Structure formats: structure tokens, C-alpha cells
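All residue numbers for the sequence shown refer to my numbering, where the first residue is 2 and numbers rise by one.
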Amino acid sequence: MAELFSAEWMTRFQEEWNNEKELSDALAEIDFTSTIAYGFEGDDKPVGVIVVQKGKVVKSGPFTGEPLNWDLRASKPNWEKWIAKGIGMMGLGMAYTSRKLKFNVGDYGAMIKDPRMAGPFIKSFSVMGRV
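Structure (C-alpha cells):
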């Protein structure tokens, strides 16, 4: 298995994201376009990034300083746990309030209040589990 958020991992994540209709198609319906980075708490910058246009990931790879709409951070053990087991609404809320999942960029409150975004966001964790 590729190292978490490495270029190879991000490429596989892109493929899995685009193949998951509950994620890519659901986000396409709301014309979701964002640059999303993933990384580890305490690091100066994220590790991997995806560019989503109308629900589909059109670019993925290492973070190279691009402007971000979302920057998600957690410890490696927490990422691995959520990737292996998935995360539901309750788990997501607990992870956020306990600061195990940090949004260095992005509005968690606005996202979680919009079921059109919250559902696909939670789905992205199970998609990570296929990488």
C-alpha cells in the first residue's frame, strides 16, 4: 500500500472518488468545485491535494502551495482509523469537537449543516478505505 497522502495514494484516491457515484455525482448535482488538502496535525503544510470540479477530481498529487478551500488535518493514527472503519455523522462531530480532525481551512459548520455536502464528505472516508 502506498504511503498515506503520497502522490501514488492521491492518484488512487482520485480514481476511487470519481468511481463513487454517491460522492462524485452527489457533488456534481450541487456544482461542487474545491481544492482540498489532506495532511497531519502539527505539520507546516498539508501532504496531498485534490482539485474537484463539478464533483469530479480532475487533479491530484502532492501539495505544491496552491490556494485551498479545505485543509484537513489529523494524526496519522486517526486518519488510519477513520480510513479503516469509516466515520459517521456522530463520529465526525466527535472528531471535530475533540480537535482530532482539524479544518485549518474551510468552514466545518457550514458544510455539516448542508446534507448535500455532509453526506458526500462522510462518504469520502469510506472511499479512502479503498485506496
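Glycine included, every Cβ here is placed at the ideal spot set by N, Cα and C. Note that this is a predicted model, so its numbers are computed, not measured.
Considered as a whole, the region 13-88 harbours 22-30, 77-86 as its complete alpha helix (DSSP H) runs of no fewer than 4 residues, in chain order. Taking a 10 Å sphere around the C-beta of E17, we find 16 or more other C-beta atoms and assign the residue as buried. The Cβ atoms of I123 and N70 do not sit closer than 8 Å to each other. The alpha-carbon separation between R131 and I113 amounts to approximately 24 Å. For F122, the secondary structure class from DSSP, reduced to helix, strand or coil, is helix. Counting along the chain, no beta strand (DSSP E) covers K101, and no H or E run does either.
Secondary structure of V106 (DSSP, three-state): strand. Scanning its chain for C-beta atoms nearer than 7 Å, with the 5 sequence neighbours on each side dropped, one finds around Y39 the residues F6, P47, V48, G49, L73, in chain order. Contact annotation: the region 81-100 does not touch the region 50-68, with fewer than three C-beta pairs closer than 8 Å. With fewer than 16 other CB atoms across the displayed protein chains lying within 10 angstroms of its CB, I31 is exposed.
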